[in-house]
Ligand SMILES: *Cc1c(COP(=O)(O)O)cnc(C)c1O
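In this note's numbering, the protein residues as written are 374 to 681.
Okay, structure coming up:
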């Protein structure tokens, strides 16, 4: 796969480090250089070239109305001059905002349906594009595929190249984990950097055992693709901070998001990165991560999820 991914910044957060009592580095994929940024943009940097390699010139994908993934896919298709047909498993919002607003703005064709009808609607969109002379590429919701995992394997390479040579690798890498794609890439990349790095995916939705199983499945597929014989068996998918499920929140989490903005200027959202940073802080508070540890918080985006 070709590497088209540009750099996102890496920074040492003085404010978070002082507040939490550990050295907190932040990998700023929220600033990833594509409209709206975030981890879905990083995945798309590998998904679209694969589609092009297969001769495609259109995409079909799915997500909720506030999905970061559909916003990125719709805008990237527009950038390439490709047709995009997006299946949204929600009713049409009465007022469009956040990711939904940008998805509509991109000019993508949108079909709204109930969750159980997603697969048949996606098939229909594929057929209809093909019947009109396009060659559509099918993208699972969330960019959950091999290229999506590979994007984060490659992202760890990027991080290694950025990491200051005078520092040892981080003790921990912590981030928001959903479908398992991002986490699979992280495990594969980090295991090849140093076996001492502990990688923790904080669930934003799923519970175990399913959450862990999905990461392992994606990791097996990725390891097969990389084919260097290295396996990375210990997957840590923590479902203790999902606040009841996808997009579920409570006042404690909302206060945490507010406090973080007020005390550090860093924007995290209650759907994804807020849960991950909340977990990180809790690990230090409980002593699971000892004070003075070197922790990398991988900020995966989500600003548009904060706005609605
Ligand atoms: C999708 C998403 C994630 C989770 O990515 P997965 O690869 O599905 O685990 C985390 N953070 C943000 C902001 C996202 O949009």
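Don't be surprised by glycine CBs; every beta carbon is placed ideally from N, CA and C.
Exclusion of residue 648 from the 6 Å shell around ligand 1 follows from its C-beta lying no nearer than that to any non-hydrogen atom of the ligand.
Check the Cα spacing between residue 666 and each of 437, 381, 570: the tightest is with 570.
Of all alpha-carbon atoms in 672, 677, 664, the one lying nearest the alpha-carbon of residue 390 is that of 664. Beyond the five residues adjoining it in sequence on each side, residue 481 comes within less than 6 Å, by CB distance, of 447, 457, 459 in the same chain, given in chain order. Under the three-state reduction of DSSP output, residue 549 falls in the strand class. Residue 562 and residue 525 have their C-alpha atoms roughly 7 Å apart. The alpha-carbon of residue 412 is positioned some 7 Å away from that of residue 403. Residue range 571-576 is occupied by the beta strand (DSSP E) that includes residue 576, with no alpha helix (DSSP H) assigned at that position. At a cut-off of 4 residues, the continuous stretches assigned as alpha helix (DSSP H) that sit fully inside the stretch 412-483 are 412-426, 441-453, 471-478. Assignment of residue 648 by DSSP, reduced to helix, strand and coil, places it in the helix class.
DSSP places residue 396 in no alpha helix (DSSP H) but in the uninterrupted beta strand (DSSP E) bounded by 396-401. When 633, 603, 477, 450 are compared, the shortest CA-CA separation from residue 508 is found for 450. Beta-carbon to beta-carbon, residue 668 and residue 545 are separated by about 5 Å, close enough to satisfy the 8 Å threshold.
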